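*Asks:*
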Amino acid sequence: GIFALPGVAAEAAGLFSPWLFVICAVLIMTVVLSFARAASFFGDTGGPIVYVEEAFGNFAGFQAGWLYTFARIAALAANAHLMVTYAAWLWPALDAGVPRLSMISFVCVFLTFVNVIGVRGGMATIFAMTVLKLLPLSLIALVGLVHINPDVFVAPQIPEIEGIGGLILVLLYAFVGFEAAVVPAGEVKSPQKSVPRSLIWTVAVISVLYFVIQLVSVSVVPDLGSTGRPLAAVAEALLGAPGATLLVLGAVFSILGNISSMFITGPRMLYAMGRDGGLPSWFAVINTRFHTPVNSIVFMGVVGLALALSGGFVWLAAMSTVVRLIIYMATILALPRLKKNIGEQPGQFSLPGGMLIPVIALLLCLWLTMHASIKSWLTMLVFAAIGTVMYFLTRRFSGKSPESNQPLTNGP
């Protein structure tokens, strides 16, 4: 998201836009602290689905997992748009029309096929592509420090931003995803202490990086909001055309790696729900040759393509964010029940003021969800309704209750 959002923020707020990222950081930190508290109740595999299920039962846990999958699919579609937007720097024909839609379709179909046949070392590739993301971002931040406009600090005029809630909802897309870090809690030492600490530090460091990038961006390119490839424009201003080309290549491969990671983790979540009785067994079908959850992968690819062809990056990013906010709210509401059901542990992470910070986070999330578009709500409700129907039909005809879903850790 950070490859597109500086332009969105600059168009709305100009020199004040870096402070919008500070506002987003403070907001998301209240949620992160609430997640850190929830994670401290578990010494093994965790995550929002586990927290919600422990507090409210199987159906609530299923819906959290189903909606979380939808959030990932929406993010997949949004990032497909973003990847093609940056690729259009190298091939301008991809900026609009049939060539653009064709390339978006190709990305979704190609990655679906690749994940069906299985890719050895896929996670290592994703790690390498993540590095490709951090390197150009860090370079822009470092090189651009000498070009910072002091007006951002001296007298930043606070603009009258129309639809501030909707704008923050979109900008938060750059911050969401931290919740995935709490899933493999059982694989680290002293998870009840280390997981909350790593969550807080990770989001804090990312927040500082995003603030600096936005600060440099609006200082170097005053009309940043006029381009869909804001960081490419910044790189060109700082490093010339070769630097912009390198950043564009880094952006394309980084975004491709992000989409690939969703194709690796998302279908495994669907597979686990199909295997454990939350979804029809169709989702748990394994390809006998490649040993991959073929139906779940195809489902994710088809729905992702449909969403990508239904709207642009901003709508898809906002929808992915609002679905995650719903899951965040469910996690916050689970905190009192987790405390009651599991109890306090020695040395457990606690928050000053008890439930004060989680309540603030809950109210902020609720306020932001109210700014989602009607189209987003209708799309989410249709997806949730489809999941609900499949859940109860599966329970009725399979003759068993769904087992506890352990997303991302079970499956092939």
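Letter by letter, the sequence shown follows residues 11 to 422 of the working numbering. Note that beta-carbon positions come from the ideal geometry of N, C-alpha and C, so glycine has one too. If you're wondering where the values come from, they're calculated on a predicted model, not measured in any experiment.
Would you call the CB atoms of glycine 175 and leucine 378 closer than 8 Å?
*Replies:* Yes. Within cutoff.
*Asks:* Taking the alpha-carbon positions, what's the leucine 219 to leucine 209 distance?
*Replies:* Spanning the two alpha carbons is a distance of roughly 16 Å.
*Asks:* Any C-beta of chain D sitting closer than 8 Å to the C-beta of serine 320?
*Replies:* The structure shown contains no chain D, having only a single protein chain.
*Asks:* Is DSSP giving asparagine 159 helix, strand or coil here?
*Replies:* Correct three-state label for asparagine 159: coil.
*Asks:* Suppose you measure from the CA of leucine 144 to the CA of arginine 406; what does that come to, to the nearest Å?
*Replies:* When rounded, the distance between both Cα atoms is 48 Å.
*Asks:* Report buried or exposed for serine 270, applying the criterion of at least 16 other Cβ atoms within 10 angstroms of its Cβ.
*Replies:* Answer is buried; the Cβ neighbour count reaches 16.
*Asks:* For isoleucine 127, does the count of other Cβ atoms within 10 angstroms reach 16, so buried, or fall short, so exposed?
*Replies:* With fewer than 16 other Cβ atoms within 10 Å, it is exposed.
*Asks:* Please report the residue range of the alpha helix (DSSP H) in which proline 16 lies.
*Replies:* Where proline 16 is concerned, the enclosing alpha helix (DSSP H) stretches over 15-23.
*Asks:* Let me make sure I understand the geometry here. Which of Ile342, Ser320, Pro28, Val42 has the alpha-carbon closest to that of phenylalanine 66?
*Replies:* When only C-alpha atoms are compared, the closest one is Ile342.
*Asks:* At what residue ranges does the segment 45-104 contain a whole run of the alpha helix (DSSP H), taking only runs of 4 or more?
*Replies:* Listed in chain order, they are 58-66, 68-97.
*Asks:* How would you label leucine 289, buried or exposed, when you count the other beta carbons within 10 angstroms and need 16 or more for buried?
*Replies:* Its Cβ being crowded by 16 or more others within 10 Å, leucine 289 is buried.
*Asks:* Anyone know if the C-beta pair for cysteine 34 and leucine 241 falls short of 8 Å?
*Replies:* The answer is no: Cβ separation not under 8 Å.
*Asks:* Which residue wins for smallest C-alpha separation from threonine 212, given the options Ala19, Thr237, Val186?
*Replies:* Of Ala19, Thr237, Val186, the residue nearest in Cα terms is Val186.
*Asks:* Roughly how many angstroms separate the alpha carbons of leucine 43 and valine 304, rounded to a whole number?
*Replies:* Each residue's alpha carbon lies about 37 Å from the other.
*Asks:* Check whether the segment 91-102 touches the segment 74-82, counting contact only when three or more Cβ pairs, one atom from each stretch, lie closer than 8 Å.
*Replies:* With a cut-off of 8 Å, the segment 74-82 and the segment 91-102 do not count as touching, because too few Cβ pairs lie within range.
*Asks:* With asparagine 125 as the anchor, note down where its alpha helix (DSSP H) starts and where it stops.
*Replies:* Taken as a continuous stretch (DSSP letters only), the alpha helix (DSSP H) holding asparagine 125 covers 107-127.
*Asks:* On a CA-only basis, which of Gln224, Leu266, Leu179 is nearest leucine 155? Give me that one, please.
*Replies:* If we check each option's Cα against that of leucine 155, Gln224 comes out closest.
*Asks:* Give the list of continuous alpha helix (DSSP H) stretches no shorter than 4 residues that lie fully inside the segment 271-348.
*Replies:* Correct list: 304-318.
*Asks:* Pair every Cβ in the segment 342-353 with every Cβ in the segment 55-64, then say whether three or more of these pairs are closer than 8 Å.
*Replies:* Verdict: yes, contact present.
*Asks:* Looking only at its chain, what residues have a beta carbon closer than 6 Å to the beta carbon of valine 41, apart from the 5 residues adjacent to it on each side?
*Replies:* Excluding sequence neighbours, valine 41 sits near Tyr338, Ala371.
*Asks:* Could you tell me if tryptophan 387 is buried or exposed, where buried requires 16 or more neighbouring beta carbons within 10 angstroms of its beta carbon?
*Replies:* Exposed is the call here.
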